[in-house]
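Accompanying notes for the structure given below.
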Amino acid sequence: VSPPLDVLIAGAGPVGLTLAGAMAREGVACRVVDQARERPTGTRCPVLWPATLTDLTLAGLGVAELVAGSVPVVRKVFHLRGDSFGHGLAEPASPWPTPVCVGQDRLERALRDSVRGLGVPIGSGVRVAHVEQRPDAVAVTLDESGRRNVVLARYVVLALGDTPDAATLAGVARPEHRYAGYRTLQADGRIERGRLPEDEEHIFLAGQSHVGFVPLPGDRHRVFATLPAGRVGAARTVVTRISGVEVEWLEPLWTVQPRSAIADTFRAGRCFLVGESAKSTPQPVHGLNSGIQDAANLAWKLAAVINGRAPATLLDSYDRERRPTAQALLAKTARIFSYGTSSDVDGALRDRVRQRQHDVRNQPEVGYASGPLTLASDAASGVGGRMPDVAVNVDGQATTVYGVLVAGRWTLLVCDGGGLPTEPGPWLDVRPVRPSAGGLPALCLVRPDGYVAAAVERSEASRLEAFLTEIFSPAPAEGVAACR
Ligand SMILES: Cc1cc2nc3c(=O)[nH]c(=O)nc-3n(C[C@H](O)[C@H](O)[C@H](O)COP(=O)(O)OP(=O)(O)OC[C@H]3O[C@@H](n4cnc5c(N)ncnc54)[C@H](O)[C@@H]3O)c2cc1C
């Protein structure tokens with residue numbers, strides 16, 4: 285039996301690595317293990333959404349270099365029987381307003397370097413074979429080339445990707461739904477230069493099928509299509525027939541049978557499910573982005589509990605916030621799947637794409653307004669949503685809100701020029717700011733993951749203070765000794 289650990293993370297994909305990096309920055313002792321000896325190569329997930337870039341930034345994993353080598357995608361254009369309907373993709377209130385295309389291989393390299401730089405060991409060829417819950421710890425059996433070894437950790441996080449194994453290890457159900465009769469295929473390819481604008485996504489809708497192109501760095505495009513299973517053999521011809529775009533296809537060609545799954549709970553005792561282990565959608569286009577959101581939601585909570593800054597009950601909020609978000613994502617992707625394979629292209633789709641209701645790739649808005657970490661208030665809208673990155677003035681210097689937030693910490697923005705309603709604490713920054721254009725309520729409490737927990741006027745300062753006391757109620761440090 286090895287010495288105890290704070291958190292064992294199973295799965296060295298982007299989700300497990302994001303979690304490891306964010307927690308290691310907060311002093312949490314973690315270790316990552318992966319059954320594979322090598323990660324898959326290739327671009328796989330081509331798009332990082334503004335929300336994902338923001339999550340990575342707030343987790344302390346800088347993305348500036350990654351963004352510098354990416355292709356921005358400013359517009360999505362739908363084509364339907366000769367008509368085109370274009371929609372802007374920018375999210376102006378985000379610190380990273382434009383989605384960017386960068387291969388998953390590059391993101392993973394950046395995350396791995398960052399996590400290793402923080403001293404977190406990443407073990408390959410190590411499979412999590414069994415998880416046993418104990419009152420103060422979790423005993424995880426690791427299998428390394430047939431050699432078994434038990435590791436004690438306070439918590440284990442299963443980031444095993446789109447497999448039922450994580451649910452089995454955690455002892456929870458993860459029912460699956462298959463979309464019979466269809467296949468989704470994707471590959472990188474080269475198209476004639478200038479055939480499609482370099483900074484736009486293009487989607488061609490046809491009866492029961494759609495075909496799309498997303499620009500990638502290196503003069504390539506990601507080509508994707510959802511087709512009736514019987515047409516997959518002739519997919520290359522079908523793609524060109526539907527889109528009119530000639531493609532030089534590059535390996536590999538990824539083909540999947542669309543299916544969705546969601547675990548009954550994302551937490552079983554000391555064991556957490558994140559990313560595609562927790563839920564997967566019928567289009568493989570949300571796994572990475574929504575998985576990083578899971579990691580961003582869980583990392584600061586685990587760090588707070590382990591560091592004795594919050595009671596262990598804080599961890600209940602992970603399932604309460606992320607499962608409804610996952611359910612909304614599954615409902616939306618199921619709807620989109622049915623539109624994207626509709627045979628009634630004109631009747632079912634024309635108005636939707638004109639009005640931008642056929643958002644094949646965008647995620648639904650994420651928000652935690654009805655979650656347990658939000659102070660309801662009539663005074664302001666936007667509570668529970670992502671804090672907008674508005675211009676502010678701090679000590680006479682012009683900056684923006686995200687220039688003030690510090691990775692891993694809560695921030696109370698005092699926006700009305702009044703006195704500080706509470707003292708800063710070990711986990712709370714209190715920052716007087718002057719919004720350049722008004723529009724912010726007097727007091728805005730922003731969580732470590734950038735969501736607004738409270739937005740109140742001065743008259744409600746005492747309610748806010750009571751809320752803060754509840755959140756920061758002292759917790760006995762869950763020291764390593766606790767599980768020895
Ligand atoms: C062609 C393609 C296009 C995609 N496009 C998009 C997109 O546009 N947007 C998007 O958001 N996502 C997209 N995805 C999905 C994205 O690639 C995945 O969601 C992402 O890799 C999931 O990350 P993860 O860290 O959750 O799991 P993974 O990357 O799957 O990593 C899980 C790791 O866990 C390890 N593991 C499994 N079982 C065990 C065990 N018992 N013990 C130890 N280790 C174990 C595996 O070896 C693996 O390395 C795409 C995928 C593909 C293939």
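Everything in the sequence shown is counted per our numbering, starting at 285 for the first residue and increasing by one. Ideal Cβ positions, reconstructed from N, Cα and C, are used throughout, including at glycine.
Exercise. At a cut of 8 Å, does the region 386-396 reach the region 291-305 through at least three beta carbon pairs?
Worked result: yes
Exercise. Does the distance from the C-beta atom of H371 to that of F488 stay below 8 Å?
Worked result: no
Problem set entry | Cβ neighbours of A547 in the same chain (closer than 6 Å, five flanking residues each side left out) | A451, V456, R458, L557 and A562
For this session: May I have the straight-line CA-CA distance separating V441 from E349, to the nearest angstrom?
Result: 28 Å
Problem set entry | Three-state class that DSSP yields for P512 in the structure shown | strand
Problem set entry | T447: CB within 7 Å of a non-hydrogen atom of ligand 1 | yes
For this session: Per DSSP, which residues does V456 bridge with? Please list them.
Result: Answer is none; V456 lacks a bridge partner.
Exercise. Is the beta carbon of V424 less than 8 Å from the beta carbon of V410?
Worked result: no
For this session: Could you tell me whether any non-hydrogen atom of ligand 3 is closer than 7 Å to the CB of A306?
Result: You won't find ligand 3 in this model; what it holds is ligand 1.
For this session: Starting from E754, follow the beta strand (DSSP E) in both directions and report where the run begins and ends.
Result: Where E754 is concerned, there is no enclosing beta strand (DSSP E), although the alpha helix (DSSP H) it sits in stretches over A745 to I755.
Exercise. Leaving out the 5 sequence neighbours to the left and right, which residues in its chain are closer than 7 Å to V435 when beta-carbon positions are compared?
Worked result: S286, L289, L292, V424 and L426
Exercise. Over what stretch of residues does the beta strand (DSSP E) that includes A587 continue unbroken?
Worked result: It is not in any beta strand (DSSP E) - A587 instead sits in the alpha helix (DSSP H) that spans G571 to I590.
Exercise. Could you check where the alpha helix (DSSP H) with F621 kicks off and where it finishes?
Worked result: D600 to G624
Problem set entry | Check: A421 C-beta below 7 Å from any heavy atom of ligand 1 | no
Problem set entry | Residue of E535, E476 and R554 minimising C-alpha distance to T524 | E476
Problem set entry | Rounded distance between the beta-carbons of A579 and T341, thought under 8 Å | At roughly 13 Å, the Cβ-Cβ gap does not stay under 8 Å, so T341 and A579 are not in contact.
Problem set entry | Separation of I620 from Y463, as counted between CA atoms | 13 Å
Problem set entry | One or two residues paired with Y735 in a DSSP bridge | R670
Problem set entry | Any non-hydrogen atom of ligand 1 within 7 Å of L537 CB | no
For this session: With DSSP as the reference, please indicate the residues paired to E532 in a beta bridge.
Result: R474
Problem set entry | P334 vs V357 beta-carbon contact at 8 Å | no
Exercise. Hey, would you say the C-beta of H570 is under 7 Å away from at least one heavy atom of ligand 1?
Worked result: yes
Exercise. What is the DSSP secondary structure of P499, reduced to helix, strand or coil?
Worked result: strand
Exercise. Which runs of the alpha helix (DSSP H), 4 residues or longer, sit entirely within the region 338-367?
Worked result: 348-352
Problem set entry | Bridge-paired residues (DSSP) for G407 | V317
Problem set entry | Chain-order list of residues whose beta-carbon lies under 7 Å from that of E375 (same chain, five-residue window excluded) | P334 and P381
For this session: Report the rounded CA-to-CA distance for V399 versus A308, giving the unit in angstroms.
Result: 8 Å
Exercise. When DSSP labels each residue in this structure, what does S493 get in the three-state scheme?
Worked result: strand
Problem set entry | E460 classed as buried or exposed, judged by whether at least 16 other C-beta atoms fall within 10 angstroms | exposed
Exercise. Can you tell which of C385, G624, I406 and C329 has the C-alpha that lies nearest to the C-alpha of G502?
Worked result: C385
Exercise. In the region 670-720, which residue ranges form an unbroken beta strand (DSSP E) of at least 3 residues, counting only runs that do not cross its ends?
Worked result: 675-678, 681-684, 694-698 and 712-716
Problem set entry | Whole-angstrom distance between V629 and Q577, CA atom to CA atom | 33 Å
Exercise. Distance, Cα to Cα, G445 vs G559?
Worked result: 6 Å
Exercise. Do the region 524-539 and the region 464-473 meet, that is, are 3 or more Cβ pairs less than 8 Å apart?
Worked result: yes
Exercise. Can you give the Cα-Cα distance for L337 and I526, rounded to whole angstroms?
Worked result: 33 Å
For this session: Report yes if the C-beta distance between S720 and V667 is below 8 Å; otherwise report no.
Result: no
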